[in-house]
Amino acid sequence: DQRLFYKRPKDEIAKIKARYGVQGKYILFVGNIEPRKNLKGLLLAYEKLDPAIRKEYSLLLVGASGWLDDEIYKIIKRLRTSGNHIQQPNDYIEDKDRPAIYSGAELFVFPSFYEGFGIPPVEALACGVPVIVSNNSSLPEAVGNSAKFISASDVNSIVKAITQMLCDDSLRNKMRVEGYVQAGKFSWETEAKKLLNILIEVDG
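Quick note: the sequence shown uses my numbering, first residue 1, plus one each step.
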């Protein structure tokens, strides 16, 4: 719903970040903390980023605990102990505040092994955030040509994509523009019209 998901102003972003204890510049992930989302791959990729990038950008994980998450939390603890800035909100982020959290991100990364559709990347595109997603399941259809693709099973692929996006301002700006266009294809009104046309055709 682009009446809700759109680029929010800096003052609103700052207010919402403060509410949830989010600090500085961040790379964003949104989704349940579980193996299917490939958070292990994202965390290991973040660890391999150039130290200068990790110093400037934290990794913000937004999502509830899922299943089989023990290994993921062990990696988070290890990375934090070694000085990496892995952030998690201090409270559950309300739906009305999510667009500001998206809008404040420098980059959105969604390296999932499988998705039925993948709404978070489209929400990020609608909020003007450059997106990196896996090249599997429904994700290429969801983001079209407006995102950078990675192989979910290849940590170095994730490292390379994040590095390229954060170090290339013109590429990020291009992705933002294309992202707005792509997100506009998935409004509820558009999908309702498609469904109506299908029903009319079936009814004959």
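We put the CB at the ideal spot given by N, CA and C, even for glycine. Everything numeric in this text was worked out from a predicted model, so none of it was measured.
Assigned with DSSP and collapsed to three states, Gln-88 falls in coil, not helix or strand. Contact between the segment 21 to 40 and the segment 82 to 96 is present: 3 or more CB-CB pairs across the two stretches fall below 8 Å.
Between Phe-29 and Leu-39 a beta carbon distance of about 7 Å is seen, short of the 8 Å cut, so the two are scored as contacting. Collapsing the DSSP output to three states places Leu-44 in a helix. Taking the C-beta atoms as reference points, Phe-108 is found no nearer than 7 Å to Val-122.
According to the DSSP assignment, Ile-132 belongs to the beta strand (DSSP E) that extends over 131 to 134. Scanning Met-165, Asp-91, Tyr-46 and Tyr-92 for the CA closest to the CA of Arg-78 turns up Tyr-46. Under the three-state reduction of DSSP output, Tyr-26 falls in the strand class. If you look at Tyr-102, you'll find it isn't in any beta strand (DSSP E); it sits in the alpha helix (DSSP H) that goes 98 to 103. Bridge partners of Phe-149 according to DSSP: Val-133. The C-beta separation of Ser-138 from Phe-117 comes to about 5 Å, placing the pair in contact by the 8 Å criterion. When the beta-carbon positions are compared, Ser-65 and Ile-33 come within less than 7 Å of each other. By the criterion of a C-beta distance shorter than 6 Å, Val-133 is surrounded in its chain by Phe-110, Pro-121, Leu-139, Val-143 and Ala-147, once the five residues flanking it on both sides are discounted.
Exclusion of the five residues before and after Asp-97 leaves Ile-16, Arg-19 and Tyr-20 as the residues of its chain whose Cβ lies within less than 8 Å of its Cβ.
The beta carbon of Ser-151 sits closer than 6 Å to the beta carbons of Ser-157 from its chain, once the five residues preceding and following it are set aside; these are given in chain order. Secondary structure note for Leu-139: its alpha helix (DSSP H) is the uninterrupted segment 139 to 143.
As computed with DSSP, Leu-107 is found in a beta bridge with Ile-27.
Contact check for Ser-112 and Arg-36: beta-carbon distance about 6 Å, within the 8 Å limit, so the pair qualifies. Annotation: the continuous alpha helix (DSSP H) that includes Ser-170 extends over 169 to 183. Using a 10 angstroms sphere on the CB of Ala-14, the tally of other CB atoms stays under 16, which defines it as exposed. With distances taken between CA atoms, Glu-115 lies nearest to Asn-135 out of Arg-176, Thr-81 and Asn-135.
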